[in-house]
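Here the structure is laid out as structure tokens; the discussion comes afterwards.
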Amino acid sequence: MTGSTDTDKPLRLNGGQALIKALEMEGVEVVFGYPGGAILPVYDPILDAGLRHVLVRHEQGAGHMAEGYAHATGKPGVCMVTSGPAATNIVTPLADAMLDSVPMVCITGQVALGSIGTDAFQECDTTGITRSVTKHNFLVTRAEDIPRIIREAFHIATTGRPGPVLVDIPKNIVDANNPDAYFDWEWPEELDLPGYHPNVTPSIESIEAAAELIMAAERPVLYVGGGVLKSRGAQALLELVELTDIPVVTTLMARGAFPDSHELCLGMPGMHGNYTAVTAIQRSDLLIAMGSRFDDRVTGKVGAFAPDAKIVHFDIDPAEHGKVRTPDVSVVGDCRISMELLNEELRTAGLPGSNPDRSAWRQQVSGWQEKYPLTYEQSKDGELLKPQYVIERLRDLSPKDTIVASGVGQHQMFASQYWEFNHPYTWLNSGGLGTMGFSIPAAIGAKAGLPDRTVWAIDGDGCFQMTAQELVTASVEKIPVKIALLNNSYLGMVRQWQSLFYEERLSEVHLGYDVPDYVMWAESMGCVAFRVEDVDEVDEVIAKANAINDRPVVVEFRCHATENVYPMVPAGGSNDDLIVDPSQADLLEADRAADRERAEAIEAGAQA
Numbered sequence: 005m006t007g008s009t010d011t012d013k014p015l016r017l018n019g020g021q022a023l024i025k026a027l028e029m030e031g032v033e034v035v036f037g038y039p040g041g042a043i044l045p046v047y048d049p050i051l052d053a054g055l056r057h058v059l060v061r062h063e064q065g066a067g068h069m070a071e072g073y074a075h076a077t078g079k080p081g082v083c084m085v086t087s088g089p090a091a092t093n094i095v096t097p098l099a100d101a102m103l104d105s106v107p108m109v110c111i112t113g114q115v116a117l118g119s120i121g122t123d124a125f126q127e128c129d130t131t132g133i134t135r136s137v138t139k140h141n142f143l144v145t146r147a148e149d150i151p152r153i154i155r156e157a158f159h160i161a162t163t164g165r166p167g168p169v170l171v172d173i174p175k176n177i178v179d180a181n182n183p184d185a186y187f188d189w190e191w192p193e194e195l196d197l198p199g200y201h202p203n204v205t206p207s208i209e210s211i212e213a214a215a216e217l218i219m220a221a222e223r224p225v226l227y228v229g230g231g232v233l234k235s236r237g238a239q240a241l242l243e244l245v246e247l248t249d250i251p252v253v254t255t256l257m258a259r260g261a262f263p264d265s266h267e268l269c270l271g272m273p274g275m276h277g278n279y280t281a282v283t284a285i286q287r288s289d290l291l292i293a294m295g296s297r298f299d300d301r302v303t304g305k306v307g308a309f310a311p312d313a314k315i316v317h318f319d320i321d322p323a324e325h326g327k328v329r330t331p332d333v334s335v336v337g338d339c340r341i342s343m344e345l346l347n348e349e350l351r352t353a354g355l356p357g358s359n360p361d362r363s364a365w366r367q368q369v370s371g372w373q374e375k376y377p378l379t380y381e382q383s384k385d386g387e388l389l390k391p392q393y394v395i396e397r398l399r400d401l402s403p404k405d406t407i408v409a410s411g412v413g414q415h416q417m418f419a420s421q422y423w424e425f426n427h428p429y430t431w432l433n434s435g436g437l438g439t440m441g442f443s444i445p446a447a448i449g450a451k452a453g454l455p456d457r458t459v460w461a462i463d464g465d466g467c468f469q470m471t472a473q474e475l476v477t478a479s480v481e482k483i484p485v486k487i488a489l490l491n492n493s494y495l496g497m498v499r500q501w502q503s504l505f506y507e508e509r510l511s512e513v514h515l516g517y518d519v520p521d522y523v524m525w526a527e528s529m530g531c532v533a534f535r536v537e538d539v540d541e542v543d544e545v546i547a548k549a550n551a552i553n554d555r556p557v558v559v560e561f562r563c564h565a566t567e568n569v570y571p572m573v574p575a576g577g578s579n580d581d582l583i584v585d586p587s588q589a590d591l592l593e594a595d596r597a598a599d600r601e602r603a604e605a606i607e608a609g610a611q612a
């Protein structure tokens, strides 16, 4: 498409105008940003544009809002900041998006081309700094290249394995006062990206080999990762499970990809996964890794991970295959397309009618679920709240399709464990990078993208203090998110580790209980705020918060300071070393002793 006037004269734009027009051509509805000197020429044409700009209070907030928007909507998130310290402030969200495969386009201002390399005011090597934390980045040197590069940036960010792309734009090529910044607008319909050809469709040979292993397995487990959600493959996954009758574990990044209410859902595996999910993987004879990358938080000690399992690995990124665990069958392609082809192959082979008898496996898994459910001891009258209880009440009193964003730490694990996710794309969290402060801006981004949905951010007091200023953004921009602040006065996960593994030598983890006053702070930022200290108040205040939809709401829940997240796999340990809730410890030790006796008896019989 070539822009033109009524007289068919070329549409002449400067670089700043072209950038905004290119964003509109890509269907961008919301940009999260913060202006400054080098990017200032781009902010003038925003006044005449059809897109919404959300003015953040810190550039890191812009990046996380773009991430939250992308997580919730499936569309690429867009953020825009200036040069120098603004660009370095956006590095954390870029790294976060890179590790969690979030489609995002970040536009940064840069000093004028002639000033690059002179240590000019607010100059930094943005492309050099961000090269390792972006899928790709560009330094634009000509105004007329802006439409093409923006088109390429969105294509790269959203195809193949999604990820963040950065476009660094020198000030002089977007400056309306620079004659050299003007050119005849032309929008590229075709893309020419030599060397970039994501392999979306897997080979039929790999699909057939995967189907053969699935049909022969007696103790299979589907190990589902965030790639299923990125490919919008939740429906294909449900069809695969109903065909094969195989139990499913959903990683931290995949919560909601498969409904927790389904009888074959085992929940979350990993360092703080539940006993059944962790143990089912360990005892499986076939592990079908679907869009998951064998993260160290799931595998524990790699050499002891699922020792008897063959591996079928489905992933669009060839670099993930064999990186941690060598697969027996490698299926390189988009997860949704791969599952659809696999389902077709399995139906051709006679499924669901010709599944092997896995009744013993189902019975064993059900036994683990019954013996080792997630559990905690409820607070007694007069005691501080248990965070697990707060999350259960938030879950039960909020709409079923509520979008939940979490920070990082104990509250993140409790939220993933105790919220029931039956809808895809309702769980936003920082999985790979583990970025404290993620939840509030991510929730704002999600709410900006889906304004009719209820969005709760579940945060800890440590995380809250890192990015709470973005509640000013939410108030001013009229983005009514809701924040559940679980205040235990500690860096909870660090305190847990120091308690368990450092002989309770608590070093620099106490944040203080009464400073700041979170209610006063939240109210000063334009929010409605509540404080809850008693079990009897929890339901009433949650109901009040859910009824307020014209302003952000912050509810401070005063929580028990020494509550730990269980189960837990010690760092560097095997998943077989899983620590369960203290109330289940004796039962688990008895079961492990019985397992050892059986193993010794089998070995003795074999030797005889």
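Just so you know, our numbering puts the end of the sequence shown at 612, numbered straight through with nothing missing.
Just so you know, even glycine gets a beta-carbon here, dropped at the ideal spot from N, CA and C.
Between residue i and residue j, which are expected to be in contact by the criterion C-beta below 8 Å, what is the C-beta distance as a whole number of angstroms?
i      : j      : result
Asp289 : Ala313 : 6 Å
Asp580 : Ala308 : 6 Å
Glu71  : Ala446 : 6 Å
Arg155 : Ala281 : Not really, about 42 Å apart at Cβ, beyond 8 Å.
Cys339 : Ile315 : With a Cβ gap of about 16 Å, Cys339 and Ile315 do not count as contacting.
Met294 : Val228 : 5 Å
Tyr522 : Val558 : 7 Å
Leu355 : Leu247 : 5 Å
Asp104 : Ser420 : The pair is not a contact, with the Cβ atoms about 14 Å apart (cut-off 8 Å).
Val333 : Ser342 : Actually they do not touch by this definition, with Cβ atoms about 11 Å apart.
Ala161 : Met108 : 6 Å
Looking only at its own chain, which residues have a Cβ that is under 6 Å from the Cβ of residue i, when we skip the five neighbours before and after it?
i      : result
Glu537 : Arg562
Leu495 : Gly466, Val513
Pro174 : Gln114, Ala116, Leu117
Ile483 : Ile448, Lys451, Ala452
Met5   : Summary for Met5: the model assigns pLDDT 39, below 50, so the residue's position carries little reliability; its value from the coordinates is reported in the next sentence. Only Trp191 meet the Cβ criterion.
Ala238 : Ala261, Pro428
Met417 : His276, Val569
Gly7   : Its pLDDT being 48, under 50, Gly7 is placed unreliably by the model, and nothing is read from it.
Asp249 : Asn359
Gln500 : Asn568
Tyr200 : none
Buried or exposed: which applies to residue i, given that a residue is buried once 16 or more other Cβ atoms fall within 10 Å of its Cβ?
i      : result
Glu560 : buried
Met622 : Lying outside 5 to 612, the shown extent of the chain, residue 622 is not represented and no answer is given.
Gly441 : buried
Asn347 : buried
Gln611 : exposed
Asn684 : In this structure the chain extends from 5 to 612, so residue 684 is not present and cannot be described.
Leu256 : buried
Ala488 : buried
Asp196 : exposed
His564 : buried
Ala147 : buried
Met272 : buried
Ile285 : buried
Asn18  : buried
Arg397 : buried
Arg600 : exposed
Pro613 : Limits of the chain in this structure are 5 at one end and 612 at the other, which puts residue 613 out of reach.
Glu507 : exposed
Pro206 : buried
Lys139 : buried
Met524 : exposed
Keeping to the same chain, check which residues put their C-beta closer than 7 Å to that of residue i; ignore five residues upstream and five downstream.
i      : result
Tyr279 : Trp372, Tyr376, Pro571, Leu582, Val584
Met497 : Gly413, Gln414
Ala353 : Ala215, Met219
His57  : Val35, Gly37, Ile50
Glu670 : The question about residue 670 has no answer, for the chain in this structure spans 5 to 612.
Glu212 : Glu349
Ala74  : Pro80, Gly81, Val106, Pro107, Met108
Pro45  : Gly20, Lys175, Val178, Asp179, Ala180
Quick one: what's got a C-beta closer than 8 Å to residue i's C-beta in the same chain, skipping five residues either side?
i      : result
Val137 : Val95, Leu98, Ala99, Met102, Pro168
Thr9   : With a pLDDT of only 46 at Thr9, under the threshold of 50, the placement of this residue in the model should not be trusted; the figure read from the coordinates follows. Answer for Thr9: Leu15, listed in chain order.
Pro391 : Gln414, His415, Phe418, Leu490, Asn492, Phe561, Cys563, His564, Glu567
Q: Check whether the stretch 407 to 419 touches the stretch 434 to 451, taking contact to mean three or more Cβ pairs, one atom from each stretch, closer than 8 Å.
A: yes
Q.
Would you call the stretch 285 to 305 in contact with the stretch 328 to 335, where contact means no fewer than 3 C-beta pairs closer than 8 Å?
A. yes
Q | Entirely enclosed alpha helix (DSSP H) segments - the stretch 399 to 461, minimum 4 residues | A | 414 to 422, 443 to 453
**Q.** Stretch pair the stretch 176 to 187 + the stretch 18 to 28: three plus CB contacts closer than 8 Å
**A.** With the cut-off at 8 Å, the stretch 176 to 187 and the stretch 18 to 28 touch.
(Q) Quick check on the DSSP output: what are the complete beta strand (DSSP E) runs of length 3 or more inside the stretch 268 to 333, in order along the chain? (A) 269 to 271, 290 to 294, 314 to 319
Q: Please go through the stretch 11 to 97 and give each complete beta strand (DSSP E) segment of 3 or more residues, from N-terminal end onward.
A: 16 to 18, 34 to 37, 56 to 59, 81 to 85
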